[in-house]
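What follows is a short report on a single structure.
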Amino acid sequence: MSENVKNNPSFRPVVGIDFGTTNSAVAYIHKGKPQIIPGPGGERIIPSVVLIAPNGKLIVGEDARAALIAMPERTKAAVKREMGDKDSIMLAGESYSPEEVSAMILKQMKNSVDQKLGEGEKEAIITVPAYFTDEQRRATKRAGELAGFVVERIINEPTAAALAFGFQHLDEDRHLLVYDLGGGTFDVSIVELMDGILEVKASSGNSRLGGEDFDWLLVDWLSKQMIDQYNVDPRTDIRAKAVLKAEAEKIKIQLSDEELVEISLPIVMMKEEKPLGLYTQITREEFVSLIEPLLRETMDKVKEVLIDAGLEAQEIDDILLVGGSTRIPQIHDLIQYYFNKDPRGDVNPDEAVALGAAIQAGLKSGALSKSGLIVTDVAPFSMGVAVAKGLFGSRLRPGAFQAIIPRNTTIPVTRTETFSTVADYQTEVMVKVYQGENEWVKNNHFLNEFLLEGLPSASAGSESVAITFRYNLNGILEVTAKGVSNEESITVTIQDSLDRSSEEAFQESLKKVEAIQQEQLEEELDLFDFMNDDIDFLEGTQIEDRGNNRSLLELQKEAKDCLNRCHILLENSPIEGQKALKETVNMLDEALKTEDSSQLEEAIDLAMDMIIDLDM
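First residue of the sequence shown: 286, per my numbering; consecutive thereafter.
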């Protein structure tokens, strides 16, 4: 038990958790320094794998990973990649949500924390990839709560890794680049350390790129060898696929130290009651050629984040490589070549994030209040609302995205933008909130929607609505919509409003995690079809309601505008896109010949959808 707990029974310990795709770790502050809390077998990190054994026992960690081949239908790995998804996971014949499976892993860590620090409530700071969406962050928070933690804060993994480094270099002023490539996700952040202030300048990444992808590329390569030899695809057999996945992980690790790996698998699968094996070899050069497009994408993100931070490569003082996948030698070579300097070798890629999370926990609990360390972060995505937008001519198109908080804005932050009504006598506005970088909401991530009522009935454009976004360090977005003329307002906390629609559902899920019950957690969030909904306001513009009838002449003009735009696109579009464009041109021509308003309206809508997809 820690000294704080002994001296203050009311003290609630705060720990930092790195919940990883491949491995997880938990740490706390002990005697002023971050320290890993070992698992039941003394292991400092545990595999993020769950097994429900035939006797119903829940097993987490190394023993569960060892069962991936023998019992693939009873085991689950890399569940972090499914956080935020609404699809269920089948495990031992039962259905679970990704949060419930994740909670099984986090519960194992909670047991280790209780053993180390004593029974009782524990707060947790849980790390997530910087490029996790709001929904993925909420799912992670929920999993932690299901595991029995009080989850007060979610922080970005690169920020945590920078904390682990910065805590040891408080008196230094420097720019750090954190290249974080784990089992399932990639993040890159630029952090400035100055006078004890750790400020994240910019972040970028891909929450679907990591060592798992390298493994599956190797599985495809191995499968091709068997297809060529036996004319059978092992990926169609669940156990054969598990065998190749396990072998791929071994190959990847071996190729970090060796130039060539001999592959010897006596039995991969059975065909006509005969075992089919695989005997071949692969070189490091062949492996690098397989993963090169993904590595190139990570370097593109590195260049992007430098631009966002307004820095040149030579202005980066230190590069931190975090995540087990950074052990691949080609990554070191790419970083060294681009920055003309070696990444630091004194950062443990497996433990840095957990140790940094523990430092954040220490700052929150007060255990490190005298350290002088202050941390700021940035919003990883732009956040804004759906609006209508003029494309060409007089035509306004619903579904445009207006950012209110741009990506890489330092948080906490509050921003307000003012919009105008679009319809005559409009007394209510539907505020639809998204995050993402595309100028059309259909390509961004829907967060929530709410209705502001009670606006004065007036002509289109004469009433204004002020939309305020407040985004805090915990990743919680609060949105307020207020009528400017009458101050009628409504405020919605986006994270809390979607976090849990009922305590009863949460308790049901909690029971499943604790007892591994058979009942499936009901999905509580409806899918949202944003393409079929109307947009209710447009920034600074007075327009007609799109439902108002337009004259035949107006429709003909819009159709001709669409036709001209399609012809321009035809001249510049790739061959594969020309067929659809030609069909659209023919459709517009036919509609113009008929002089039928409804047919023209339909043709214009379809044409604009295509123009947006190809031209915007």
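Cβ coordinates follow ideal geometry from the N, Cα and C atoms, glycine included.
Sheet register partners of Glu477 (DSSP bridge): Under DSSP, the beta-bridge partners assigned to Glu477 are His460, Glu484.
Is the beta carbon of Leu461 less than 8 Å from the beta carbon of Val476? Taking 8 Å as the cut-off, the beta carbon of Leu461 is found closer than this to the beta carbon of Val476.
Does DSSP put His454 in a helix, a strand or coil? Collapsing the DSSP output to three states places His454 in coil.
For Leu591, which residues of its own chain have a beta-carbon under 6 Å away from its beta-carbon, when the five flanking residues on both sides are left out? Apart from sequence neighbours up to five positions away, no residue of its chain approaches Leu591 with a beta-carbon distance below 6 Å.
DSSP state of Leu737, grouped into three classes? Leu737 falls in the strand class under three-state DSSP.
Just the C-alpha distance for Trp506 and Arg520, rounded to the nearest angstrom, thanks. Here the C-alpha atom of Trp506 lies approximately 11 Å from the C-alpha atom of Arg520.
Distance between Ser610 and Ala377 (C-alpha atoms, nearest Å): Cα to Cα, the separation comes out at about 30 Å.
For Glu534, which option in Ile344, Ala351, Ser882 has the closest C-alpha, if you only look at C-alpha atoms? Of the candidates Ile344, Ala351, Ser882, the one whose C-alpha sits nearest the C-alpha of Glu534 is Ala351.
C-alpha distance - Val632 paired with Val398, whole-angstrom precision: Straight across, the Cα-Cα distance linking Val632 with Val398 is about 24 Å.
Should Leu812 be labelled buried (16 or more other beta-carbon atoms within 10 Å of its own) or exposed? Confidence at Leu812 is low in this model, with a pLDDT of 29, below 50, so its placement is unreliable and no value can be given for it.
Using the three-state DSSP reduction, which class does Glu748 fall into: helix, strand or coil? It is coil, neither helix nor strand.
According to DSSP, simplified to helix, strand and coil, what is Leu758? Leu758: coil per DSSP, three-state reduction.
Is the distance from the Cβ of Val553 to the Cβ of Ala525 below 8 Å? In this structure, Ala525 lies closer than 8 Å to Val553 by Cβ.
Per DSSP, Leu431 forms a beta bridge with which residues? Paired residue(s): none; Leu431 is not in a bridge.
What alpha helix (DSSP H) runs, 4 residues minimum, are completely inside the region 592 to 638? Taking 4 residues as the minimum length, the alpha helix (DSSP H) runs contained wholly in the region 592 to 638 are 614 to 624, in order along the chain.
Between Lys878, Ile853, Leu877, which has its C-alpha nearest Leu866's C-alpha? Looking at the Cα atoms, Ile853 is the closest of the given residues.
What residues are listed by DSSP as bridge partners for Thr776? Paired residue(s): Thr765.
Cα-Cα separation between Asp370 and Lys797, rounded to whole angstroms: Using only the alpha carbons, I get a separation of about 18 Å.
Nearest to Ile696 (by Cα), restricted to the options Thr661, Glu722, Leu648, Val672: Cα-wise, what sits closest to Ile696 is Thr661.
How would you call Gly341, buried or exposed, if buried means at least 16 neighbouring beta carbons within 10 angstroms? Exposed, since its Cβ has fewer than 16 Cβ neighbours within 10 Å.
Are Arg692 and Ser654 close, meaning C-beta to C-beta below 8 Å? In this structure, Ser654 does not lie closer than 8 Å to Arg692 by Cβ.
Apart from the five residues just before and just after Glu577, which ones in its own chain have a Cβ nearer than 7 Å to its Cβ? Same-chain partners within the cutoff: there are none.
Taking 7 Å as the limit between beta carbons, can you name the residues of its chain near Lys530, skipping five residues before and five after? Cβ neighbours of Lys530 beyond the five flanking positions: Asp500, Val504.
Just checking Val663 against the ligand FMN - is the residue's beta carbon closer than 7 Å to any of the ligand's heavy atoms? In the structure shown, the ligand FMN is absent, as is every other ligand, since no ligand is present at all.
Runs of beta strand (DSSP E) lying entirely within the region 646 to 701, each at least 3 residues, in chain order: As far as the region 646 to 701 is concerned, its whole beta strand (DSSP E) runs of at least 3 residues are 659 to 663, 668 to 675, 681 to 690.
For a minimum of 4 consecutive residues, which ranges assigned as the alpha helix (DSSP H) are wholly contained in the region 304 to 378? The region 304 to 378 contains these whole alpha helix (DSSP H) runs: 347 to 351.
Who are the near neighbours of Ala424 in its chain, counting only those whose CB is closer than 7 Å to its CB and skipping five residues on each side? Residues Met368, Gly369, Pro383, Glu384 of the same chain have their beta carbon placed closer than 7 Å to that of Ala424, with the five preceding and five following residues left out of the count.
Segments assigned beta strand (DSSP E), at least 3 residues, entirely inside the region 383 to 423: Counting only runs of at least 3 residues, the region 383 to 423 fully encloses the following beta strand (DSSP E) elements, listed from N- to C-terminal order: 408 to 413.
Neighbourhood of Ile644 by C-beta distance below 6 Å, restricted to the same chain and skipping five residues each side: Non-local beta-carbon contacts of Ile644 in its own chain, meaning distances under 6 Å to residues more than five positions away in sequence, involve Pro319, Leu448, Phe452 in chain order.
Outcome for Gly301 when other beta-carbon atoms lying within 10 angstroms are tallied against a minimum of 16: Using a 10 angstroms sphere on the CB of Gly301, the tally of other CB atoms reaches 16 or more, which defines it as buried.
How about Ala642 and Ile440: do their beta carbons lie closer than 8 Å? In contact: Ala642 and Ile440 (Cβ atoms closer than 8 Å).
Endpoints, the beta strand (DSSP E) within which Gln514 is located: Residue range 496 to 515 is occupied by the alpha helix (DSSP H) that includes Gln514, with no beta strand (DSSP E) assigned at that position.
Given this structure, state the Cα-to-Cα distance separating Pro414 from Asp472, to the nearest angstrom. Between the C-alpha atoms of Pro414 and Asp472 there is a straight-line separation of about 6 Å.
So, with DSSP's three-state summary, where would you put Thr712? The answer is coil: DSSP assigns Thr712 none of H, G, I, E or B.
Would you report the Cα separation of Ile512 and Ile567, rounded to the nearest angstrom? Their backbone Cα atoms lie some 16 Å apart in a straight line.
State whether the region 345 to 365 contacts the region 398 to 409, with contact taken as three or more CB pairs (one from each stretch) at a distance under 8 Å. As far as the Cβ criterion goes, the region 345 to 365 does not touch the region 398 to 409, which means the pair count is below three.
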